[in-house]
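Heads up: the sequence shown runs through residues 16 to 300, numbered per my numbering. Below is one structure, written out as structure tokens; the observations come after it.
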Amino acid sequence: MIHLSAFADEISPDLGEQIAVLQEEQIHFIDLRGAWNSNVLDLSDQQLQEVKQALETAGIGVAAIGSPIGKVSITSDFAEHMQRFERALYVAEYLGSPYVRIFSFYPPTLGEALHQDQQDEPGIDAYRADVLQRLAALTEKAAKAGITLVHENEKMIYGDTIARNVDLLQSVNHSRLRAVFDPANYLECQQEPYPQAYEAVKPWLEYVHVKDVNAQGTLVVAGEGEARWPDILQRLRSDGYDGFLSLEPHLAAAGQFQGFSGADRFRQASQALQRLLREINWEYA
16 MIHLSAFADE
26 ISPDLGEQIA
36 VLQEEQIHFI
46 DLRGAWNSNV
56 LDLSDQQLQE
66 VKQALETAGI
76 GVAAIGSPIG
86 KVSITSDFAE
96 HMQRFERALY
106 VAEYLGSPYV
116 RIFSFYPPTL
126 GEALHQDQQD
136 EPGIDAYRAD
146 VLQRLAALTE
156 KAAKAGITLV
166 HENEKMIYGD
176 TIARNVDLLQ
186 SVNHSRLRAV
196 FDPANYLECQ
206 QEPYPQAYEA
216 VKPWLEYVHV
226 KDVNAQGTLV
236 VAGEGEARWP
246 DILQRLRSDG
256 YDGFLSLEPH
266 LAAAGQFQGF
276 SGADRFRQAS
286 QALQRLLREI
296 NWEYA
């Protein structure tokens, strides 16, 4: 059976409000990205203890740690970033999360890359070997901790396009590095999410982020954009997918490190997804 999760910091920075809305929407898992205006990796041990206690009391499990690992320049200090990654693994273990979400690094100068064609970014292509070496190192460390990394196809990182995403997954070739399928992100990179991206990453697909974008480039609830969510859900079901569908709607704001929807718009996103699931009689928890 599939399970619903959510980046609940899209609801509010306050953990209590995050939990309250998740309970209202009968969502029993969270992708923990932040609380109290702090990134999950910047929470103190005392704050993590408070998070753990609050979630356990509410009956909410941690599906994934929504870390920013890999969302830095490929030329940044990797030893320093590895220390931050070790914190991510600690947080995952402490909160009982099987997954840590990661990215595959920005070009050296993001400002310049933003003016390049998304289909052709020689800035990051030139660093392919470095990207693969870093991802392999992260994956090996995660494997030793018993944690699985799920790579998100975020705009402007190495693995944003279908071809480069498949390249990194094939090249690292490790059971502890799997793919997030984020259809809206593919659309923002002028890639076809379904069926093209889906078919390409299917061998590694282990996590799904739910958001949608319309033809004007505006983020909308699932089913109201160009991502073909009804078709995607039908296909996931027929292929036997039994993982998480994680809401990340970005309906009010979409920043480099965090999106936001607010409680009311998050509820709209949740209800739109659950309506799509009911329409195909796909049971979820």
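For every residue, glycine included, the Cβ atom is placed at its ideal position computed from N, Cα and C.
What does the Cβ neighbour count give for Lys86, buried or exposed, with the cut at 16 atoms within 10 Å? buried
Ends of the alpha helix (DSSP H) at His195? According to the sequence displayed, residue 195 carries Val and not His. Note, Val195: premise wrong, no alpha helix (DSSP H); beta strand (DSSP E) at Leu192 to Phe196.
What are the start and end residues of each continuous beta strand (DSSP E) run of 3 or more residues lying completely inside the segment 218-290, in chain order? 220-225 and 259-262
For Ser186, the first and last residue of its enclosing alpha helix (DSSP H): Note, Ser186: alpha helix (DSSP H), Ile177 to Val187.
Could you tell me whether the Cβ atoms of Ile26 and Phe259 are closer together than 8 Å? no
DSSP has Ala50 in a bridge; who is on the other side? Note: Ala50 sits in a beta bridge opposite Ser53.
Short of 6 Å in beta carbon distance, which residues of its chain neighbour Asp29, apart from the five on each side in sequence? Order them along the chain. Nothing listed; no residue qualifies.
State the Cα-Cα distance for the pair Gln283 and Gly238, rounded to the nearest angstrom. One C-alpha to the other measures close to 12 Å.
Identity of the residues DSSP links to Arg115 by a beta bridge: Residue identity check: residue 115 is Val in the sequence provided, not Arg. Ile80 and Leu164.
Glu39 versus Asp92: straight-line alpha-carbon distance, rounded: Looking at the two C-alpha atoms, the distance is approximately 43 Å.
8 Å CB neighbourhood of Thr154 in its chain, flanking five on each side removed: Leu164, Val187, His189, Arg191 and Leu192
Quick one: what's got a C-beta closer than 8 Å to Pro123's C-beta in the same chain, skipping five residues either side? Ser88, Ile89, Thr90, Gly138 and Tyr142
Local conformation of Tyr109 per DSSP, three classes: When secondary structure is reduced to three states using DSSP, Tyr109 falls in the helix class.
Quick check: His18 and Tyr299, are their CB atoms within less than 8 Å of each other? yes
So, using beta-carbon positions, are Leu266 and Leu288 closer together than 8 Å? Cβ distance not < 8 Å, so Leu266 and Leu288 don't count as in contact.
Buried or exposed, going by whether 16 or more other CB atoms sit within 10 Å of the CB of Glu32? exposed
Can you check which of these residues, Gln68, Met16, Thr176 and Ser53, is closest to Ile34 by C-alpha distance? Gln68
Integer Cβ distance of Val228 from Glu241, believed to fall under 8 Å: About 6 Å separates the two Cβ atoms, so the contact holds.
For Ile17, write down the residues that DSSP places opposite it in a beta bridge. Tyr299
Option in Ser59, Asp197 and Ile117 with minimal Cα separation from Trp244: Minimum Cα distance to Trp244 is reached at Asp197.
Tell me which same chain residues have a C-beta within less than 6 Å of the C-beta of Arg293, skipping the five on either side of it? So the list is empty, once near-sequence residues are dropped.
Assign Phe44 to one of three DSSP states: helix, strand, or coil. strand
Return the residue from the list Arg116, Val36 and Gly74 that minimises the CA-CA distance to Leu47. Arg116
His43 and Gly81 - do their beta-carbons sit closer together than 8 Å? no
Using a 10 Å radius around the Cβ and a threshold of 16 neighbouring Cβ atoms, would you call Asp279 buried or exposed? Exposed is the label assigned to Asp279, since fewer than 16 other Cβ atoms lie within 10 Å of its Cβ.
Any idea if Ala178 is buried or exposed, counting beta-carbon neighbours within 10 angstroms, 16 or more meaning buried? exposed
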